[in-house]
Amino acid sequence: MKSAFRISFLLAVLIFSNDFLFAQNAVIIPIETKDNALILQADKEGHLGITYFGKKLGSQSEYQLIASQSRQRDGNAGIYNSAYTPAGSWNVSEPALQITHHDGNKSLDLIYVSHKTAKENDHVSLTSIVLKDPVYAVEVTLNYKTYFKENVTEQWSVIKSAEKAGIMLEKYASANLYFIAKDYFLTHYNGTWAKEMNPEQEQLTAGIRVLDSKLGTRANLFQPPSFMLSFDKPATETEGKVLLGTLAWSGNFRMDFEVDSYHNLRLIAGINNYASEYPLASNQEFKTPSFIYTFSENGKGEASRNLHNWARKYRILDGEGSRLTLLNNWEATYFDFNEEKLSGLFKDGKKLGVDLFLLDDGWFANKYPRNNDRAGLGDWKENVKKLPNGIGYLVKEAKAAGIKFGIWVEPEMVNPKSELYEKHPDWVIKQPQRPEHYMRNQLPLDLSNPEVQNFVYGILDKLFTENPEIAYIKWDCNAITFNAYSAYLEKSKQKQSQLYLDYVKGLYKVLEKLRAKYPKVPMMLCSGGGGRVDYEALKYFTEFWPSDNTDPLERIFMQWEYSYFYPAITHSAHVTDWGKQPLKFRTDVAMMGKLGYDIVVSHLNEKDLQFSQQAVATYDAIKDVVWHGDLYRLVDPKENDFASLLFSTKNKDRAILFSYMTGNRNGAGSDTPFRLQGLDPAKKYKVKELNLYPETKTSIKEDQVYSGEFLMTVGFNPAVSARRASVIVEISDAH
Ligand code: GLA
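Numbering (mature numbering (1 follows the signal peptide of the UniProt record, and there is no 0)), first residue to last: -23 to -1, 1 to 712.
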């Protein structure tokens, strides 16, 4: 319905759009993507609720019939389905927004005022809905940015106050959603250092299940802000209704999943309000981070491909671009290196055929040299004993060896044993009256302090200014936040409860400034592993370090789980000496991510070296499919003795199938074919095994041509077994 219409209870002027519908005087706002719809409807008092979430209808006019189909629309249901639940008034369930007004009053109500939809282009639109408290001058704008083709919605809120004096935000969610299904199955992740991304699926029951972090820096160490939610029954890769959700925020997060008394599900996702009351001055606004989600009726596979397509196109820095293969010296040398040793490693990297050499921790600090993790962090001057000629010399040497040069930094952190700590004890996050509490012998710097922001920016800016040819940065962050206290906030008469948020805001300011000057340099987001990966950080980083655990067996499981949320182009995966598997297995696993090496190349025997050189060349030939293709997870290692997954090009002319043994009981292996996906049934394909170890032969019949239909109906058997513990097969158009 396009005509303008007057709604008696609204005092404000309405902004009409094509998507604006009415039912019995109600405002109906459909938020649609290619396949899905979120339907918001204001009741007669102007309270905005969610009446529907799921597959979209062909005709928008039928959305007005939804509410009449529900027998739950009594007083309580009207509370539960709030599109942004205010606290302290008629609404008594878990709030999305809780505040204290300037006069100490804690009540809030939010009434629909207006909405508008602005099209950024044919695929991206932003619907903004304004809600207002009828008593206090507080206004909230709910924003829903939809990426039509990818079926992704990015949702955030903007809170404004025009009260006489400042108000206090006590809970300030990004998104508040409401789902109606028979049952709800939540998959969330737990872990710790070197054990990231262990999935757990549970059926939600009445009450609130909270996923959260209170760790501050490195917030995701125990739990990432990402989850899968299946409706009615647990979704599989190819079947079932499932939502993938993630909060784009590199700090404390909180997600409340509440099964209400109607057995409907309320979701409230945002920054964790733990110890984080946040002041909002008059006529200022507070913008929450984005909650990002996609929904599919066809299982987790489709949902994750949607998210990958969105992330590469719209979010990840250079998401559709290229990446550098590399040789890292961390496990090869740890802190023990000098110029000569490094020059040798440059040559090794060149011999291997990778694009870049990455110098890790240990290159800096003099008064307290960084020869172990107990000293030197914060003193970003080359260690004169190890590197008498500085970084500039290394960059030149690397260039002469024919390899690019990258470098490790951990700019947000300090060892108490450092000149930085001696000079600026007030830059450090610690409680002045309590003993310091360390993680890896270090403490975070106080990024809420603009001086510290400048210092952190300056570390990188100096490196780049002095050495414009630095081609890669690994940005680490190894400690969580204990004893959250900021000398800066105290001195500037701000609130200590701002620290957790202002830290993250400070970090983004630094990254923003850095990217304004150095827009392209690839950067790896590392946090002793995957301790802080999220979709806000990935605006600035090209890839992340999923875990310090590079045992290939563990990486198969870990990268499998990460792959629901982040595309393979972002998974830094290095061949190391972790694990008991042979070099081929370790390499094959790393090749399903962004390939790197962290081994002593000179220790490789002749055959291993020959294999690795071939592997780098093979990777160069398939990386485009891995980085930019569609991922299909075919055989789940959690339920089988092996894992198998496939990347295929968008036009389905080429696919790479990776298979790995993960169990070895009873002659385990792929005895029968399993169905492939992501091919064209009408196309004819040939198969070829890649990355064979020297002097081994494939057991795959490579002269056979198969139809896509055959491969996706009968299936294919890569013949993975204890004897062939990892197999990579290229499937390509036979014509
Ligand atoms: C962290 C990283 C490692 C390495 C070390 C260096 O643990 O995850 O890859 O860079 O720091 O100290």
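We put the beta carbon where it would ideally sit given N, CA and C, even for glycine.
Backbone CA spacing between residue i and residue j [nearest angstrom]
i: Tyr462; j: Asp525; result: 29 angstroms
i: Val219; j: Asn275; result: 8 angstroms
i: Tyr609; j: Phe156; result: 27 angstroms
i: His712; j: Phe635; result: 23 angstroms
i: residue 714; j: Met500; result: In the structure displayed, the chain extends from -23 to 712; residue 714 sits before or after that span and is not available.
i: Asn305; j: Asn68; result: 55 angstroms
i: Leu622; j: Phe542; result: 15 angstroms
i: Leu163; j: Asn366; result: 55 angstroms
i: Ser709; j: Leu371; result: 42 angstroms
i: Leu335; j: Gln419; result: 23 angstroms
i: Ala702; j: Thr564; result: 12 angstroms
i: Arg411; j: Arg351; result: 20 angstroms
i: Tyr311; j: Thr553; result: 13 angstroms
i: Gln46; j: His240; result: 16 angstroms
i: Glu316; j: Gly369; result: 11 angstroms
i: Glu396; j: Gly353; result: 8 angstroms
i: Val129; j: Val577; result: 43 angstroms
i: Lys494; j: Gly435; result: 12 angstroms
i: Phe624; j: Asp607; result: 5 angstroms
i: Thr77; j: Thr223; result: 28 angstroms
i: Arg642; j: Asn175; result: 23 angstroms
i: Lys439; j: Gly326; result: 26 angstroms
i: Tyr57; j: Phe208; result: 18 angstroms
i: Lys674; j: Asp618; result: 23 angstroms
i: Trp555; j: Thr527; result: 6 angstroms
i: Pro671; j: Arg700; result: 15 angstroms
i: Ala(-1); j: Gln18; result: Any answer about Ala(-1) is weak, because its pLDDT of 44 lies below 50 and its placement is not dependable; what the coordinates show is given next. Cα to Cα, the separation comes out at about 9 angstroms.
i: Asn628; j: Glu520; result: 25 angstroms
For residue j and residue i, believed in contact at Cβ under 8 angstroms, the rounded distance
i: Tyr255; j: Leu146; result: 4 angstroms
i: Gly379; j: Gln430; result: About 37 angstroms; that fails the 8 angstroms criterion.
i: Thr271; j: Leu284; result: 5 angstroms
i: Val361; j: Asn343; result: 6 angstroms
i: Ala60; j: Asn153; result: 6 angstroms
i: Val602; j: Ala632; result: 7 angstroms
i: Arg231; j: Asp237; result: Their Cβ separation, rounded to whole angstroms, is 18 angstroms, which puts Arg231 and Asp237 out of contact at 8 angstroms.
i: Pro614; j: Ile533; result: 6 angstroms
i: Thr104; j: Tyr124; result: With a Cβ gap of about 13 angstroms, Thr104 and Tyr124 do not count as contacting.
i: Glu666; j: Val704; result: 7 angstroms
i: Gly506; j: Pro523; result: 7 angstroms
i: Arg300; j: Lys497; result: Rounded, the Cβ-Cβ distance is 12 angstroms, inconsistent with contact.
i: His551; j: Tyr574; result: 6 angstroms
i: Tyr544; j: Thr194; result: It is Pro, not Tyr, that sits at residue 544 in the sequence shown. With 8 angstroms as the limit, Pro544 and Thr194 do not qualify as a contact, their Cβ atoms being about 25 angstroms apart.
i: Gln536; j: Met568; result: With 8 angstroms as the limit, Gln536 and Met568 do not qualify as a contact, their Cβ atoms being about 11 angstroms apart.
i: Ser227; j: Val481; result: 5 angstroms
i: Phe234; j: Ser151; result: Incorrect: roughly 15 angstroms between the Cβ atoms, too far for contact.
i: Asp511; j: Pro63; result: 27 angstroms between Cβ atoms; not a contact.
i: Leu15; j: Ile8; result: 4 angstroms
i: Leu85; j: Ser66; result: 6 angstroms
Next on the checklist: Please give the ranges of any beta strand (DSSP E) in the stretch 12 to 44, keeping only runs that are unbroken, at least 3 residues long and fully inside the region.
Outcome noted: 13 to 19 and 25 to 32
Checklist entry - Do three or more CB pairs link the stretch 410 to 426 to the stretch 475 to 482 at distances below 8 angstroms? => result yes
Item to check | Complete runs of the beta strand (DSSP E) confined to the stretch 541 to 583 [at least 3 residues] | outcome: 549 to 552 and 571 to 574
Next on the checklist: Using a Cβ distance threshold of 8 angstroms, determine whether the stretch 329 to 341 contacts the stretch 389 to 399, with at least three qualifying pairs required.
Outcome noted: no
Checklist entry - Are the stretch 264 to 280 and the stretch 168 to 178 touching by the rule of at least three beta carbon pairs closer than 8 angstroms? => result no
Checklist entry - What are the complete alpha helix (DSSP H) segments, minimum 4 residues, inside the stretch 626 to 699? => result 685 to 690
Checklist entry - Would the stretch 125 to 137 and the stretch 258 to 269 be scored as touching if the rule is three or more Cβ pairs under 8 angstroms? => result yes
Item to check | beta strand (DSSP E) runs wholly inside the stretch 311 to 364, at least 3 long, in chain order | outcome: 333 to 336
Checklist entry - Does the stretch 552 to 570 come within contact of the stretch 582 to 594, defined as at least 3 CB pairs closer than 8 angstroms? => result yes
Next on the checklist: Quick check on the DSSP output: what are the complete beta strand (DSSP E) runs of length 3 or more inside the stretch 378 to 444, in order along the chain?
Outcome noted: 381 to 386
Next on the checklist: Please give me, in chain order, every unbroken run of the beta strand (DSSP E) with length at least 3 that falls completely inside the stretch 151 to 184.
Outcome noted: 161 to 167 and 175 to 180
Checklist entry - Is the stretch 653 to 662 touching the stretch 683 to 695 in the sense that three or more CB pairs, one from each, lie closer than 8 angstroms? => result yes
Next on the checklist: Restricting to runs no shorter than 3 residues, where is the beta strand (DSSP E) found entirely within the stretch 208 to 252?
Outcome noted: 218 to 225, 230 to 236 and 242 to 248
Item to check | Uninterrupted beta strand (DSSP E) stretches inside the stretch 63 to 112 (no shorter than 3 residues) | outcome: 74 to 77, 88 to 96 and 101 to 109
Next on the checklist: List, from N- to C-terminal side, the alpha helix (DSSP H) runs of 4 residues or more that fit wholly inside the stretch 456 to 537.
Outcome noted: 464 to 468 and 476 to 494
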